[in-house]
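>
There are 2 protein chains.
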Amino acid sequence: MINVFENLPENTELEHFQDIVKSDAVRIERIVSHGQSSPEEGWYDQDEHEWVLVLSGYGVLEFDCGKLCQLKPGDCFLIEAGRKHRVVETSPKEATVWLAVFYR
Amino acid sequence: MINVFENLPENTELEHFQDIVKSDAVRIERIVSHGQSSPEEGWYDQDEHEWVLVLSGYGVLEFDCGKLCQLKPGDCFLIEAGRKHRVVETSPKEATVWLAVFYR
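Protein chains in written order, with this note's numbering: chain A, 4 to 107; chain B, 4 to 107.
In structure tokens form, the structure reads like this:
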């Protein structure tokens with residue numbers, strides 16, 4: 004058993020990605036951000052669907068249609084495969100812990 | 004976008020199950036308990052793997068080997084397919100919100 008709020012990475016200058024479950028069907032990942040955002044030109048364009056849930060802090064997603072989506076703890080959102088998106092903001096004051104479930 | 008802590012069911016006499024994501028590959032479900040436990044004789048014996056995460060309250064799982072596993076917020080656990088288990092306790096004082104990811 005693990006706790007998603009424990010063993011947060013000490014290095015807050017990087018965003019951290021950790022697989023919790025990895026199988027052929029699904030991958031469940033914890034992402035910990037400390038104010039990071041995606042590079043200006045860097046859009047995620049993924050082959051898999053990604054369902055995200057914010058567990059602490061907050062994050063703001065931008066989609067290539069211009070839509071912004073702010074997620075606070077408990078907010079969740081399905082990013083369908085091929086929907087270009089990036090993270091434009093995460094909380095600078097505390098760890099933003101995301102849970103992401105990737106599947107095809 | 005939905006928030007897993009919002010729109011909690013008003014009827015606290017029943018356990019509530021709500022699909023958040025449902026696809027061929029994966030099903031993500033919110034479960035809200037209010038002190039409920041599984042019936043004494045009722046073991047879950049599932050064809051799918053179930054990864055569970057407690058988001059509020061607490062829950063205690065029992066496995067047919069006798070092992071007990073108490074989950075507080077942030078605790079997560081993978082229940083492999085075919086591993087018989089039941090819920091022996093959930094918080095009587097507040098809603099226990101579980102996230103469950105089912106996959107094969």
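Even for Gly, the Cβ is constructed at its ideal location relative to N, Cα and C.
A:Q21 to B:R33, Cα distance in whole Å?
Residue mapping note: residue 21 of chain A aligns to position 18 of the first sequence, counting from 1. Residue mapping note: residue 33 of chain B aligns to position 30 of the second sequence, counting from 1. So the two alpha carbons sit approximately 23 Å from each other.
> For a minimum of 3 consecutive residues, which ranges assigned as the beta strand (DSSP E) are wholly contained in the segment 21-81 of chain A?
Listed in chain order, they are 29-36, 52-59, 62-66 and 71-74.
> How would you list, in chain order, the residues of chain B whose beta-carbon sits under 8 Å from the beta-carbon of A:L71?
The count along the first sequence starts at 1 and reaches residue 71 of chain A at position 68. Within chain B, no residue comes near A:L71; the closest Cβ sits about 12 Å away, beyond 8 Å.
> At what residues does the beta strand (DSSP E) containing A:F105 begin and finish?
Taking the first sequence and counting its residues from 1, one reaches residue 105 of chain A at position 102. Per DSSP, A:F105 belongs to the beta strand (DSSP E) from T99 to Y106.
> B:D78 versus chain A: which residues are under 7 Å apart at the beta carbon?
For the purposes of this step, residue 78 of chain B is identified with residue 75 of the second sequence, where counting begins at 1. Within chain A, the residues near B:D78 are M4 and N6.
> Around the C-beta of A:D78, are 16 or more other C-beta atoms found within 10 angstroms, so that it is buried, or is it exposed?
Along the first sequence, read from residue 1 onward, the residue named residue 78 of chain A stands at position 75. When all chains shown are included, A:D78 counts as buried.
> Counting only Cβ pairs nearer than 8 Å, list the residues of chain B close to A:A28.
Translated into the one-based positions of the first sequence, residue 28 of chain A becomes position 25. Those are A28, V29, Y106 and R107, listed as they occur along chain B.
> Take the Cβ of B:Y47 as the centre, count every other Cβ of all protein chains shown within 10 Å, and call the residue buried at 16 or more, exposed below.
Within the second sequence, the letter at position 44 stands for residue 47 of chain B. With fewer than 16 Cβ atoms within 10 Å of its Cβ, B:Y47 is classed as exposed.
> Secondary structure at B:T93, three-state DSSP: helix, strand or coil?
The residue given as residue 93 of chain B occupies position 90 in the second sequence. Strand at B:T93.
> Kindly say whether A:L56, judged by its beta-carbon, lies nearer than 8 Å to any beta-carbon of chain B.
Indexing the first sequence from 1 puts residue 56 of chain A at position 53. Yes, A:L56 counts as interfacial toward chain B.
> What does DSSP give as the partner residue(s) for A:N10 in the beta ladder?
Translated into the one-based positions of the first sequence, residue 10 of chain A becomes position 7. BP columns for A:N10 are empty, so no partner.
> Work out the CA separation of B:G69 and A:G60 for me, nearest whole Å.
Stepping through the first sequence from its first residue, residue 60 of chain A is reached at position 57. Stepping through the second sequence from its first residue, residue 69 of chain B is reached at position 66. Their Cα atoms are separated by approximately 37 Å.
> In chain order, what residues of the same chain have a beta carbon less than 6 Å from the beta carbon of B:R107, not counting five sequence neighbours either side?
Walking along the second sequence from the start, residue 107 of chain B turns up at place 104. Counting only Cβ-Cβ distances below 6 Å, and skipping sequence neighbours, we find E51.
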